[in-house]
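Student:
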Amino acid sequence: MLATTAPPVPTAPRWRGVAVVLALHGLVLWGWSMASRSREVVVQVETPALVMIQVAAPSPAVPEVAAPAKPGSRPLPPVVPIRMPPAPPAAAISEALASIATPTPAPAVSAASAVPVLVAAASAASAANPAPRLTRAPQPLPGNPLPVYPEAAREDGLEGRVAMWVEVQADGLVGEVRWAQTSGTRLLDQAARDAVRRWRFAPALQAGEPVAGRLLLTLQFRLQGPVSWLAQAEASL
Amino acid sequence: MSLRTALRLSHSSSHAALRVPAALALLLQAPLHVAAQTAPASEASDYVVTAARSQVVTRDSVRPVTVITAEDIRQAGAGSLTDLLRTMGGVEITHNGGLGQASSIFMRGASSDHTVLIVDGVRLGSATLGTASFESIPLALIERVEVLPGPSSSLYGADAIGGVIQVFTKSALRSPGATVSLTGGSHNLQQAVAGYAGRIGEQTELSAGIDFLRTDGINATNADNTYGYNPDKDGYLNRGGHVGITQHFGPDQQVALKLLRSVSKVHYDDGPDPDADTRQDSYSTTVTQTMALQWSGKLSERWQSSVVVGRSVDLSNDYSTFPGTFKTTQQQFGWLNHVALAGGTATAGVEFLKQEVDSDTPYNLTERTIRSGMLGWRGSFGAHSVQIDLRQDRNSQFGNHGTGQLGWAYALDGASRVRASYGTAFHAPTFNELYYPGFGTPDLKPEHSKSFEFGADTRLGGADLTATLFDNRITDLIEYAPPDYLPHNVAKARIKGLVLTAGGQITRDLRAKLNFTWQDPLNEETDDQLRRRARVFGGLHLVQQLGTAQVGSDLTWVGKRYDADVESADARMGAYGLVDLFAGWAITPQWRVEGRVNNLADKRYTTAQGYNSPGREAQLTLRWTPPL
């Protein structure tokens, strides 16, 4: 909004107000930088773990970080928080952490032990809470049964593809299923939806917490093989 | 018979996963995350459900059946069952005007009273006329029509000389889900349909539907009509409803109750005097109703059984120059068994049918009963298949009559086979022919037919092709013959012909169904073409998928016919071809718009002299399928 009147000329007592405002701003900035630094410190502890995981995750690249600090050396440089690569399995993370929890050769016993302890502590914390920042979509669990091809559709030679939006609740159960694309045959659409309704999912994660999420699933119904007159007799009873 | 329908229904239910051979079960349990490995690159699907292609299982394993599916019926829009059968059923029809007017069906060149109509396993028709009112079956409430041409009395009993048409009302099996649709069209056509079919709990299926249709219609008659001409529009109003409940008791037993009721009011033109002063607006109300209670189940590992108890009503009230009420009630009971025996399947069954006529016309006799017994066997020996069916009917009017059928098929390889069959059939005289006061002959014999057929079936690419040569000889045809013009068994007819059908998925998005018949329908007394039957007729149904939309066309061709027993120029009705176009578009997965234009070229044609046929008509449908 454009000012239509000129701002009043500041008088002497006004300078006090400005100083207070500036001081408040400075306080906020200082507090924010303190908070950032403390986060950075936390990340710092975990950085060795991240370095190991980089091998498993394809992208994005993890910036180079210094080796664990030796006693007496200058403090570790702050590390910019990086974006987490997509979900390496929890087991892999634990494995990676375990591999670096073994003591590495260090010049001074006291300092060297400090770092492995920190790392071990980090690994223990990480193993208990494998990916605190992990955010991912819901995933179907193994063992969900596919629908049986409806017999009436099989007899009439009906095939098709059904795409559905599946709402997965935080407990991994299915909330609502909506068709995104139907096959043109109600029989197949219904069979797909009735099957998926019973599926179990690993729920979506938001910063490590299970939340409700949505997933697009496609099922294709396809008939195979030629019709054989020789097999006719089997079908009669 | 109707029982075979019940068995068929039990076989087809989703509980009959027993039918799927064990080897297939492996295919059906595909592992998760299959897409990356097994889906073709062009279609990315997360999961693929596969199954082996199935044979269309027919209760007659040798003679082919033409199936009109739920999708075909939906694409036909708000129309008549007879017009749908003309394009896709390989049959000939006549109609006395537009939608809702009296119609007849001829199968394999036989008469209109040689076609049996069975609805949900219950025989429906008029015992006074000998025909069924096909025009009263609401298309919106049915999901499937199966046409079995040829002599079928050994399976279905009396009257099946031309063939049998089986109609199935909507069920959770083939038409699950809810649907509401509204249609508007030419001549003030309006239709509203609501229906639901689905599972309630694990063991129960429910289906129900209602349908309301009205149209101002067209003028049914033209000035050529010697009986009555009234240049008014002859409208039609139909209200129909159906309910079906199926209860499963475990995987092997089920009980089903199905009801269909259709009430129509159709205006027509009648009256012997074409003078404007004495014309009146005649109309008739028709009620057709079927009720079927079916049980089917496995009594032992090798023994499948089914029972049908049914009742049908065909009632028509005429408000016209000659008012009258005619009501036919048919009550039937049947028990049919299939037993695995001697390397094949043996069939044994009994049936009881009682036909009652209730009318203000004082028929000399108003009821008759038919008791029947059936035996049959079908089996395969390597590439050979054999089928034998025998049936004995004991009719309280004319006594005993036996019919039989023998069929053989030989599989040339997995995709082709040749087949041959011979069968006898009969038609019981109608109450009008027997007992109409002053015009009946009570000791009429049934009409007989002997028919031989030879054919080949093959699968080529995505299409099923069949070719059938048939020779149908009908004797003792009942005719109102001189000198007394009372009905007598005097006439003979012989129809020889060739039927070709082809159908299937031509490309991934194009589906086609073609049927074509060349025949020589001869009145053997006069060597003339049988009345109202053509020498050539056929239909082609094409559907093209375009993403979420589809377009299609129905092409129908019927050769010239004569509306008299002699091939005279006066009685000639010219050949005609019809083009219908239809399209549908799924705006969203729940909302769909469908449209249809019938008789695009506005062709004037005649199926019965003196009666008009509809010209170009269009209709538009809005359909909602809520995801219940």
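Which chain is which? The protein sequence lines are A and B, in order. 1 is the number of the first residue of the first sequence in our numbering; add one for each residue after it. 1 is the number of the first residue of the second sequence in our numbering; add one for each residue after it. Cβ atoms here follow ideal geometry from the backbone N, Cα and C, with glycine treated the same way.
In chain C, which residues lie less than 7 Å from residue 173 of chain B when you measure between Cβ atoms?
Tutor: Structure shown: chain C not included; protein chains present are A and B.
Student: How big is the Cα-Cα spacing for residue 80 of chain A and residue 134 of chain A?
Tutor: Caution is warranted here: a pLDDT of 43 is assigned to residue 80 of chain A, below 50, making its placement in the model unreliable, and the coordinate value is therefore given only provisionally. Rounded to whole angstroms, residue 80 of chain A to residue 134 of chain A spans 18 Å at the Cα level.
Student: In this structure, how does DSSP classify residue 1 of chain A when only helix, strand and coil are distinguished?
Tutor: Here residue 1 of chain A scores only 42 on pLDDT, less than 50, and its place in the model should not be relied on; the value that follows carries that caveat. If DSSP states are grouped into helix, strand and coil, residue 1 of chain A belongs with coil.
Student: List the residues that DSSP assigns as beta-bridge partners of residue 381 of chain B.
Tutor: Per DSSP, B:384.
Student: Which residues of chain A have a Cβ atom closer than 8 Å to the Cβ of residue 46 of chain B, listed in chain order?
Tutor: Residues of chain A passing the Cβ test: 217, 218, 219.
Student: From residue 257 of chain B to residue 175 of chain B, what does the alpha carbon distance come to, in whole angstroms?
Tutor: So the two alpha carbons sit approximately 17 Å from each other.
Student: Using a Cβ-Cβ cut-off of 8 Å (strictly less than) and excluding sequence neighbours within five positions of residue 212 of chain A, which residues of its own chain qualify?
Tutor: Answer for residue 212 of chain A: 167, 168, 169, 170, 175, 203, 204, listed in chain order.
Student: Throw me the rounded Cβ distance for the residue 582 of chain B and residue 98 of chain B pair, which I believe falls under 8 Å.
Tutor: That pair is no contact at about 19 Å.
Student: Exposed or buried, what is residue 533 of chain B when buried is set at 16 or more other beta-carbons lying within 10 Å of its beta-carbon?
Tutor: By the neighbour-count rule (16 or more Cβ atoms within 10 Å), residue 533 of chain B is buried.
Student: Taking C-alpha atoms, which residue in A:149, A:182, A:140, A:153 lies nearest to residue 172 of chain A?
Tutor: Looking at the Cα atoms, A:140 is the closest of the given residues.
Student: Taking the beta carbon of residue 99 of chain A as the centre, do at least 16 other beta carbons fall within 10 Å, making it buried, or is it exposed?
Tutor: With a pLDDT of 47 at residue 99 of chain A, under the threshold of 50, the modelled position of that residue is not reliable, and no figure is offered here.
Student: On the three-state DSSP scale, how would you describe residue 107 of chain B?
Tutor: Three-state result, residue 107 of chain B: coil.
Student: Could you tell me which chain A residues have their CB closer than 7 Å to the CB of residue 586 of chain B, listed as they occur along the chain?
Tutor: Within chain A, the residues near residue 586 of chain B are 182.
Student: With a threshold of 16 other CB atoms inside 10 Å of the CB of residue 202 of chain B, please say whether the residue is buried or exposed.
Tutor: Exposed: under 16 other Cβ atoms inside 10 Å.
Student: Under 9 Å between the Cβ atoms of residue 221 of chain B and residue 611 of chain B?
Tutor: Going by C-beta atoms, residue 221 of chain B is nearer than 9 Å to residue 611 of chain B.
Student: Is any beta-carbon of chain A found at less than 9 Å from that of residue 260 of chain B?
Tutor: Residue 260 of chain B does not count as touching chain A.
Student: In whole angstroms, give me the CA-to-CA distance for residue 499 of chain B and residue 324 of chain B.
Tutor: One C-alpha to the other measures close to 41 Å.
Student: When the distance is taken between beta carbons, is residue 524 of chain B closer than 9 Å to residue 561 of chain B?
Tutor: Result no, Cβ atoms of residue 561 of chain B and residue 524 of chain B do not sit closer than 9 Å.
Student: Looking at residue 390 of chain B and the ligand ATP, is the gap between the Cβ and the nearest heavy atom below 8 Å?
Tutor: Judged by which ligands are present, the structure shown has none, so any question about the ligand ATP falls away.
Student: Among the residues of its own chain, which have a CB less than 6 Å from the CB of residue 121 of chain A, if the five just before and after it don't count?
Tutor: Per-residue confidence for residue 121 of chain A stands at a pLDDT of 44, beneath the threshold of 50, marking its modelled position as unreliable; the derived number appears in the next sentence. Correct list: empty, nothing qualifies.
Student: Kindly indicate if chain A contains any beta-carbon less than 9 Å away from that of residue 52 of chain B.
Tutor: So, interface residue.
Student: Check for me: the alpha helix (DSSP H) holding residue 156 of chain B runs from which residue to which?
Tutor: Segment 153-156, the alpha helix (DSSP H) holding residue 156 of chain B.
Student: Between the stretch 344-364 of chain B and the stretch 428-436 of chain B, do three or more beta carbon pairs fall short of 8 Å?
Tutor: Flag = yes, the stretch 344-364 of chain B and the stretch 428-436 of chain B touch.
Student: Straight-line CA distance for residue 374 of chain B to residue 260 of chain B?
Tutor: So the two alpha carbons sit approximately 28 Å from each other.
Student: What in chain A is Cβ-close to residue 176 of chain B, meaning under 7 Å?
Tutor: What residue 176 of chain B touches in chain A: 186, 187, 190.
Student: I want to verify the contact list: residues of chain B whose CB lies under 7 Å from the CB of residue 178 of chain A, in sequence order.
Tutor: In chain order: 627.
Student: Kindly list the residues whose CB is nearer than 7 Å to the CB of residue 164 of chain A, restricted to its own chain and excluding five residues on each side of it in sequence; keep chain order.
Tutor: 177, 178, 179, 180, 192, 193, 196, 217, listed in sequence order.
Student: Around the C-beta of residue 188 of chain B, are 16 or more other C-beta atoms found within 10 angstroms, so that it is buried, or is it exposed?
Tutor: It counts as exposed.
Student: For residue 91 of chain B, decide whether its Cβ has a neighbour in chain A, counting only Cβ atoms nearer than 9 Å.
Tutor: Answer no: the Cβ-Cβ gap between residue 91 of chain B and chain A never drops below 9 Å.
Student: For residue 469 of chain B, which of helix, strand or coil comes out of DSSP?
Tutor: If DSSP states are grouped into helix, strand and coil, residue 469 of chain B belongs with the strands.
Student: Please confirm whether residue 174 of chain A has its beta-carbon closer than 9 Å to some beta-carbon of chain B.
Tutor: Residue 174 of chain A does not count as touching chain B.
Student: Around the Cβ of residue 629 of chain B, are there at least 16 other Cβ atoms within 10 angstroms (buried) or fewer (exposed)?
Tutor: Missing from the structure shown is residue 629 of chain B; chain B here goes from 1 to 628 and no further.
Student: Measure the alpha-carbon distance for residue 491 of chain B versus residue 483 of chain B and round it to whole angstroms.
Tutor: About 14 Å.
Student: Who are the neighbours of residue 466 of chain B on chain A, taking C-beta pairs under 8 Å?
Tutor: Simply none; closest approach about 12 Å.
Student: Hey, out of A:142, A:148, A:30, A:154, whose CA is closest to residue 223 of chain A's CA?
Tutor: Ranking A:142, A:148, A:30, A:154 by Cα distance to residue 223 of chain A puts A:154 first.
Student: Along the chain, which unbroken stretches of the beta strand (DSSP E) at least 3 residues long are found entirely within the stretch 87-175 of chain B?
Tutor: As far as the stretch 87-175 of chain B is concerned, its whole beta strand (DSSP E) runs of at least 3 residues are 92-95, 103-106, 115-119, 142-149, 163-169.
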